[in-house]
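Following: one structure in structure tokens, then a few remarks.
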Amino acid sequence: MPAEIEYNIGILADMIKRDEKAVVAFYGGEPTLEAEKMRKMMNVLPAKKFVLQTNGFFLERLGEDVNKLDSILLSIDGRKEVTDFYRGKGCYERVMKALNFLKRNGYKGEIIARMAASVKTDIYEDVMHLLNHFPYVHWQLDAIWSTMWDVDEFWKWAVENYMPGIKKLVRFWIEEMERGRIHGIVPFLGISSRLLHGGDGLPCGAGRDAISITTDGKILACPIAPEFEWNVLGDLKAYKKIEIGEPCRSCEVYEICGGRCLFAYKERLWGKEGFNKICHITRFTINEIKKYQKLLMHHKENLKYPPYNNTTEIIP
Ligand code: SF4
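Under the working numbering, read the sequence shown as residues 40 to 355, first letter to last.
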């Protein structure tokens, strides 16, 4: 992909104009390296919402224009030692600095801590830590295309740490809900929302409701895999859509899970065994939440999430 945008922004603006619920998400690399271009695009594109995924290093370059963003996802993996282990020394502090910048600016949009959960993650400890600082916490499992571990190591962690941690986290979330407080644990909010209000297809919408536009004007289903042929849907003139098929369509949790992740569905880099293990974790998480359906019903109106496609994938 070329480093600079080569397509005509006017053509993109026309395309967005035809979608009355359009959301534009800036995604990288690191979008704030091009703060001036972001500013220009937020002024020109007729979107209803703007979302940013950022490591927070250069967020201050946006100045007061940061308030034009409706959701900001800051990449942070939990406690300081965990974040700095994955991302490099000093990353945790830089994200906290960005968070303070948002608070100083009276930022009113949604702030989401966006974690990758991997070899050093204690899901309960790391999510609880971030909830002390952020109103929303979301995570994705470092699985399928990981460089940190293989399927066996991943599974050992899932059995010993992740699934017990999820159980404990759900219990905390539910006990707090009983006290009238709903914490912004994004996967739990999103799963509850689908249980109570229904849903359709992949929660991230990749390939059907959400597309990714590359710097050379190609349209991809999913922004992370530009080199795969199935992922290239067309260009700014015309594009096709793709959807999840079997085995997901016949799966008992399809309405909630939606197929989880298009890339993982298409490219089974950990084979059938890896795919099935992740499905096991997905079903486990859904079932842990489902146990409390009665209580969730009481909070039905407060459990609609996400309010628009804010790029959280819901199923970790
Ligand atoms: S749990 Fe697995 S098989 Fe079922 S819908 Fe999700 S990804 Fe597809």
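Note that beta-carbon positions come from the ideal geometry of N, C-alpha and C, so glycine has one too.
Are the CB atoms of Ile205 and Ile162 nearer to each other than 8 Å? Here Ile205 is near Ile162, since their CB atoms are less than 8 Å apart.
Contacts around Pro265, its chain only, beta-carbon distance under 7 Å, and the 5 residues preceding and following it disregarded: Its chain contains Met40, Thr253, Leu259 as the residues whose beta carbon lies nearer than 7 Å to that of Pro265, once the 5 sequence neighbours on both sides are disregarded; these appear in chain order.
Going along the chain, which unbroken runs of the alpha helix (DSSP H) with 4 or more residues stay wholly within the region 258-330? For the region 258-330, whole alpha helix (DSSP H) runs of length 4 or above, ordered along the chain, are 293-296, 301-305, 310-329.
As a quick exercise: from Val225, Cys287, Tyr293, pick the residue whose alpha carbon is nearest that of Tyr175. Tyr175 has its Cα closest to that of Val225, out of Val225, Cys287, Tyr293.
For Tyr131 and Lys119, the rounded distance between their alpha carbons: Answer to the nearest angstrom: the Cα atoms are 6 Å apart.
Work out the CA separation of Asp58 and Ala277 for me, nearest whole Å. Their Cα atoms are separated by approximately 15 Å.
Cβ neighbour criterion (16 or more within 10 Å) applied to Pro262: Pro262 should be labelled buried.
What do you reckon, are the CB atoms on Thr321 and Arg307 nearer than 8 Å? For Thr321 and Arg307, no; Cβs fall outside 8 Å.
Counting only runs that start and end within the region 167-219, where is the beta strand (DSSP E) found for 3 or more residues in a row? Listed in chain order, the complete beta strand (DSSP E) runs (minimum 3 residues) inside the region 167-219 are 175-180.
Might you give, ordered along the chain, the residues of its own chain that have their beta carbon closer than 6 Å to the beta carbon of Cys287, omitting 5 neighbours on each side? Close CB contacts of Cys287 within its chain, under the 6 Å cut and outside five residues either way in sequence, are with Tyr293, Gly298 (chain order).
Say the cut is 7 Å; is the CB of Gly223 nearer than that to a heavy atom of the ligand SF4? The answer is no for Gly223.
How close, in whole Å, do the beta carbons of Gln179 and Glu352 come, if the pair is a contact with beta carbons under 8 Å? About 6 Å; that satisfies the 8 Å criterion.
Pair every Cβ in the region 210-218 with every Cβ in the region 187-199, then say whether three or more of these pairs are closer than 8 Å. At 8 Å Cβ cutoff, the stretches do not touch.
Using a 10 Å radius around the Cβ and a threshold of 16 neighbouring Cβ atoms, would you call Lys316 buried or exposed? Buried.
Is there at least one non-hydrogen atom of the ligand SF4 closer than 7 Å to the beta-carbon of Tyr375? Look at the range of the chain in this structure, 40 to 355, and you will see that residue 375 is not part of it.
Among Pro345, Met81, Asp116, the one whose alpha carbon lies nearest that of Phe227: Out of Pro345, Met81, Asp116, the CA that lies nearest to the CA of Phe227 is found in Pro345.
Select from Gly102, Ile281, Lys257 the residue whose C-alpha is nearest the C-alpha of Gly145. Closest option to Gly145, Cα to Cα, is Gly102.
So, are the CB atoms of Ile115 and Leu169 less than 8 Å apart? Cβ atoms of Ile115 and Leu169: closer than 8 Å.
With H, G and I counted as helix, E and B as strand and the rest as coil, what does DSSP make of Leu91? Judged by DSSP in its simplified three-state form, Leu91 adopts strand.
Less than 8 Å between the beta carbons of Ile250 and Ile325, yes or no? The beta carbons of Ile250 and Ile325 sit no closer together than 8 Å.
Alpha-carbon to alpha-carbon, Ala61 and Asp248: Asp248 and Ala61 have their C-alpha atoms roughly 10 Å apart.
Could you please go through the chain and list the residues whose beta-carbon is closer than 6 Å to any non-hydrogen atom of the ligand SF4? Going down the chain, each residue whose beta-carbon is closer than 6 Å to a heavy atom of the ligand SF4 shows up: Pro286, Cys287, Cys290, Val292, Tyr293, Cys296, Gly298, Arg299, Cys318, Thr321, Arg322.
Can you tell me whether Phe124 is helix, strand or coil according to DSSP? When secondary structure is reduced to three states using DSSP, Phe124 falls in the helix class.
Rounded straight-line distance, which links the Cα of Lys330 to that of Met81: For Met81 and Lys330, the distance between alpha carbons rounds to 43 Å.
Using only alpha-carbon positions, find the residue among Leu108, Trp196, Ala245, Met187 that is nearest to Phe124. For Phe124, the nearest C-alpha among the options comes from Met187.
Return the first residue and the last residue of the beta strand (DSSP E) that Arg153 is part of. Run containing Arg153: 149-156, per the beta strand (DSSP E) assignment.
Pairwise C-alpha distance: Phe211 and Lys343: Those two C-alpha atoms are separated by around 20 Å.
Span of the beta strand (DSSP E) holding Val105? Careful: Val105 lies outside any beta strand (DSSP E) and carries neither H nor E.
Near Gly148, what residues of its chain come up, given a Cβ to Cβ distance below 7 Å and the 5 sequence neighbours on each side ignored? Correct list, in chain order: Leu108, Asp109, Ser110, Ile111.
Give the range of the beta strand (DSSP E) segment to which Phe65 is assigned. It spans 62-65 - the beta strand (DSSP E) in which Phe65 sits, taken as one unbroken run.
Which of the three DSSP states is assigned to Gly223 in this structure? Gly223: strand per DSSP, three-state reduction.
Near Glu75, which residues of its chain fall below 8 Å by C-beta distance, leaving aside the five closest residues on each side in sequence? Excluding five sequence positions before and after Glu75, none of the CB atoms of its chain fall closer than 8 Å to its own CB.
Can you tell me whether Leu84 is helix, strand or coil according to DSSP? Residue state, collapsed to three classes: coil.
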